[in-house]
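Worksheet for the structure shown next.
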Amino acid sequence: MTIAEMVKMHRERVGVSPEELAKRIKIPVSIVTLIENPEKRDEEAIKLFASVLNVPIDVFTGERPAEPTEQEKQAAAESAAAAEMAELARTAKYPHVRRFILDPSRCRNADKAKELLAERQFSLPERNVILYLLTSALYHFCDTNTSSFAFDAYLFGLHDTLIARFEKQLDSQGVTGEAREERMDAARSNIFACEAMADIAILVLDAFAVEFERKLEDGVEDFAEDLDLPLDWELDDQMMRIIFYGHEGTVKDTIKLLDVKERQG
């Protein structure tokens, strides 16, 4: 005797209806019906579970592939974005820095920026965003004499170069005598008196980028104050500029896309 026959025989013998049995064991009456009618069990079970799960029968039985759920769509999109970013990082001179500045939480039009950044190992927009961060860090260092970056080492190596360039600048301006000595003394005691901060930043760009890359790779995040984070930027490729936004979402700075490589000479 099968279990289906046992259930049906004893239920009828004690005078219990399918509904009453289902109520006693706290299951839907349709389950009792399925148990007692094995010849229709698969067909009815498919209909029942497909209905309860809100899945078309042909999808439930595997005759047709299911439409992806919102979670699956999101997971697929995230996977595709991760793969795209991995490829972008693979071709970058500073892969972790590229990931950092292209994060959608920091770049308002990351898709557009990715198109331009993907063209080169160290693209024009990339250099300018890093230069902007570096300049912020240099101002912080100048104001506080402290930094999480090794600016002392960077600037020490540039000291003689900056002094020589400053002397040439004074020569071209025709500054002589006591005025010249005063300005030279000021430059020797404060390297930032030699040139504009932006020009000094260009000279240490590569050293800064190398250190920034290493920090990100090692998971060291001690630079928020130096870089005046959070970073919130947008690329305007039509106007050849980058827009930076402040903490309140208002425009903080707008810079033209400068060929940093040329200005390093």
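Residue numbering for the sequence shown follows the working numbering, beginning at 2 and increasing consecutively.
The beta-carbon is built from N, C-alpha and C at its ideal position, and this holds for glycine as well.
{"Item": "Residue nearest to Asp267 in terms of C-alpha spacing, selected from Ser148, Phe245, Thr136 and Glu196", "Value": "With the chain covering 2 to 266 only, the question about residue 267 has no answer from this structure."}
{"Item": "beta-carbon Ile164 near the ligand SAM non-hydrogen atom, thresh 7 Å", "Value": "The ligand SAM is not part of the structure shown, which contains no ligands of any sort."}
{"Item": "Inter-residue Cα distance where the pair is Ala5 and Glu85", "Value": "56 Å"}
{"Item": "Exposed unless 16 or more other CB atoms sit within 10 angstroms - verdict on Arg264", "Value": "Note that Arg264 scores a pLDDT of 46, beneath 50, so its modelled location is shaky; the value from the coordinates is reported in the next line. Looking at its Cβ environment, which holds fewer than 16 other Cβ atoms inside 10 Å, Arg264 is exposed."}
{"Item": "CA-to-CA distance, Leu35 to Phe50, given in whole angstroms", "Value": "12 Å"}
{"Item": "Sequence-distant residues of its chain with Cβ nearer than 6 Å to Tyr155 (five each side left out)", "Value": "Val205 and Ala208"}
{"Item": "Span separating the alpha-carbon of Gly266 from that of Glu179", "Value": "Interpretation of Gly266 is limited by its pLDDT of 43, a score under 50 that renders its predicted location unreliable; the figure taken from the coordinates is listed afterwards. If I take the Cα positions, the gap works out to 31 Å."}
{"Item": "Beta strand (DSSP E) runs wholly inside the stretch 194 to 262, at least 3 long, in chain order", "Value": "234 to 237, 242 to 246 and 252 to 257"}
{"Item": "Backbone CA spacing between Glu13 and Ile58 [nearest angstrom]", "Value": "33 Å"}
{"Item": "Residue range of the unbroken alpha helix (DSSP H) whose run includes Arg172", "Value": "Note that residue 172 corresponds to Asp in the displayed sequence, not to Arg. Asp172 -> alpha helix (DSSP H) spans Phe152 to Gln174."}
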